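Below: the structure, in structure tokens.
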Amino acid sequence: MRAWCSNCVQSTRRGEIQKCGGYLVLATGKPCPFYEYRLGGKRVKLNAFRQACLLCMGGSPSLVRECEANCLLHPFRMGKNPNIRGASKERMRAIRPKEGGISTGFSKNEALYARKASAGKKEP
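Read left to right, the sequence shown gives residues 1 to 124 (our numbering).
In structure tokens:
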């Protein structure tokens, strides 16, 4: 994200990126989908990448799909993260934090969880 913003404002200095007026992109007259992420601290949603590509291609999903530009966003243009290619949905669900706690990657139905839960209980 920093590389994209640095390219846009033509500076690698944090102060220049912080002063970015990207809340309104001059070329399109629309808000920059990366403005709130420009200083880091927040994880960029994949949808923001897709929205930027749609802005670039005049709102045409077919042009985004066919795009061959040498661009930092190109690998993310379809709204998917190429860095986790091959990871199954089940695996991603297992490593994603659960609501109200930390994910261990194990489900309640797996033997390890069942053994830990029943280890302190006496059978009647």
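Backbone N, C-alpha and C fix where the C-beta goes; we use that ideal spot for every residue, glycine too.
Predicted model only: the values in this text are computed from it and were never measured.
query	result
How should arginine 77 be labelled, buried or exposed, when 16 other C-beta atoms within 10 angstroms of its C-beta is the threshold for buried?	buried
Given a threshold of 16 other Cβ atoms within 10 Å of its Cβ, counted over all protein chains shown, does arginine 38 qualify as buried or as exposed?	buried
When the Cα of asparagine 83 is compared with those of Leu46, Leu63, Gly21, which residue comes out closest?	Leu46
Buried or exposed for alanine 52, please, with buried defined as at least 16 other CB atoms from any protein chain shown within 10 angstroms of its CB.	buried
Taking just the CA atoms, how far does glycine 58 sit from cysteine 67?	12 Å
Which of the three DSSP states is assigned to asparagine 47 in this structure?	helix
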